[in-house]
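Heads up: the sequence shown at position 117 corresponds to 276 in our numbering, and the numbers run straight through without jumps. Virtual Cβ for every residue (Gly too), placed ideally from N, Cα, C. Data first, discussion second: the structure below is written as structure tokens.
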Amino acid sequence: MDISHDAAKKQRAAAVSGNGTGSIGVALAAAGRNILADARRGLIAPDLSPAQAVHEIRKALKRWRALMRLLAPILGEPADLMRREAREMMRNLASARDAQACLDALDDLRKSDTELSPTSMATIQDRLAALKAQAEAQSFSGATRDQLSRYLDDALLTLERWPLADIAFPAIADALAVTYRRARQIVPDDWNKADADHLHDLRRRVVEHRHQMELIEHLWPRLGRLWTEEAQRLRNRLGACQDLFVFHQMTARNQPLAPWRSRLAPAIAARREAHIRAAARLADRLFAEKPKAFRRRIAKLWDNRVSAGEDANTAVVKPAKAVRSKPIKSSRKAGAPPTQNGPKPPVTKTPRKPGQSAS
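Here you go:
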């Protein structure tokens, strides 16, 4: 079961369509309430299995942490404390997520040539499923549920007390640029030399950037959707690398998958290389702009926002074509104009005066 966020998106768009300086704060408050409601549904929905519940709660908490990261430069320690506490909640559920990551990695490995027979693959699947069930029983206990419930109650009460309506968009644009810069700074220059920890840190920052951009997607819907979709693709590729890393650890000595280590290692390496190549291309496009240029773009979109239904909301922006690079090194250069690797913004032509001929 995947909880839909369509209603949340519509509420955010409606809240920010006005011209008041506080409308962005009202929208962020509405987004926060919807995120917490999604987490609550994941916690109490009777039709969700423990695995589905953990997935939904973690997904909501990631969005919540991204919102808190956005608000921390403005609200200070209270928002940062909320973000850190959400991180601890997610760590409590990490063991169940690691087991699911191994199952996802096993599905991924089926896309490459392996020396394993179907019988061996089925045996590995069963072993991982048993580990997952055990991890879920331990990590998603009644005590954990109670702790999550108390956190969600406190978070909602805190959110309602914050003076979010007083926030003006320039402060939000600054915070968006900070998250963008944090991610851009750790994009590897040589992806072949990037270790698992480096890629995992990049993934976490891409996740924050993706969820923050979703909050302002309606300012230019077509470009906004394209941006968040590209960020999601990059997140998926980096996530697949992390899943393979966790899976690889399961093949170490005295670990559950140790008997298949020699036969799994080549397939793991091949899939990791494929994901890294794709991630390098996506990162080149997504982070082509310098942070200051990115911030100016966001501010411009806000300054020129229009009410829903006008022609500006139907602007079409085509994605740039991906270029395969060998060796796997970033082609993102300092000072490169945003139109080199990313979507080109529409060109605004100056209207001619009456009687003036075209040059």
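Output yes or no for whether 7 angstroms exceeds the beta carbon distance between M248 and L207. no
Residue environment, S421, which counts as buried when at least 16 other CB atoms sit within 10 Å: exposed
Taking the continuous alpha helix (DSSP H) assigned at I233, which residues delimit it? 209-234
Using C-beta distances below 8 angstroms, list every residue in its chain close to Q401, excluding the 5 sequence neighbours before and after it, in chain order. A260, A355, L358, H359, R362
Buried or exposed: where does T387 fall if 16 or more other Cβ atoms within 10 Å of its Cβ makes it buried? buried
Figure out for me which residue from R224, A458, R384, N251 has the closest Cα to the Cα of V366. R224
Anticipated Cβ contact below 8 angstroms, L323 with G184, distance rounded: 4 angstroms
Taking all protein chains shown into account, decide if A258 is buried (16 or more other Cβ within 10 angstroms of its Cβ) or exposed. buried
Give the C-beta separation of D333 and P232 to the nearest angstrom, bearing in mind that I take them to be a contact with Cβ-Cβ under 8 angstroms. 7 angstroms
Using only the alpha-carbon positions, how far apart do N351 and R436 sit? 9 angstroms
Validate contact between the region 283-301 and the region 408-417 using beta carbons, cut 8 angstroms, 3 pairs: yes
Considering only the beta carbon of each residue, do R369 and A342 sit closer than 7 angstroms? no
Note down the Cα distance separating T278 from L423, rounded to an integer number of angstroms. 14 angstroms
Taking contact to mean 3 or more Cβ pairs, one atom from each stretch, closer than 8 angstroms, check whether the region 238-253 and the region 204-223 are in contact. yes
Between L268 and A411, which are expected to be in contact by the criterion C-beta below 8 angstroms, what is the C-beta distance as a whole number of angstroms? At roughly 17 angstroms, the Cβ-Cβ gap does not stay under 8 angstroms, so L268 and A411 are not in contact.
Residues in its own chain within less than 6 angstroms of P237 by CB, not counting five upstream and five downstream? none
Tell me which same chain residues have a C-beta within less than 6 angstroms of the C-beta of R256, skipping the five on either side of it? none
With respect to the alpha helix (DSSP H) encompassing S254, which residues constitute its N-terminal and C-terminal limits? 253-268
Rounded to whole angstroms, what is the Cα-Cα separation between S271 and D312? 46 angstroms
Buried or exposed: which applies to G235, given that a residue is buried once 16 or more other Cβ atoms fall within 10 Å of its Cβ? exposed
Using CA coordinates, which residue listed in Q297, R454, L403 is at the minimum distance from P209? Q297
Residue ranges of each alpha helix (DSSP H) run of no fewer than 4 residues wholly in the region 361-408, ordered along the chain? 380-408
Helix, strand or coil: which one does DSSP assign to D348? coil
Return the CA-CA distance between L441 and A428, expressed in angstroms with no decimal places. 20 angstroms
T303 versus L195, A204, R192, V213, residue with shortest Cα-Cα distance: V213
Given a cut-off of 7 angstroms, decide if R430 and L397 are closer than it, judged by their beta-carbon atoms. no
Assuming A190 contacts L374 (C-beta within less than 8 angstroms), just tell me the rounded distance between them. 6 angstroms
Work out the CA separation of R464 and F299 for me, nearest whole Å. 44 angstroms
Burial state of M462, where buried means 16 or more other Cβ atoms lie within 10 Å: The question names Met, yet the displayed sequence has Asp at residue 462. It counts as exposed.
Pick helix, strand or coil for K291, following the three-state DSSP scheme. helix
Report the option in G201, A399, Q344 whose CA atom is closest to the CA atom of L445. Q344
Proximal residues to R199 (C-beta, below 6 angstroms), its chain only, five neighbours per side dropped: L311
In angstroms, rounded to a whole number, what distance separates the CA positions of S276 and N395? 28 angstroms
Here's a check: name, in chain order, each residue in its chain whose Cβ is nearer than 6 angstroms to the Cβ of D263, leaving out the five neighbours to either side. D402
In terms of residues, what are the limits of the alpha helix (DSSP H) holding D312? 301-320
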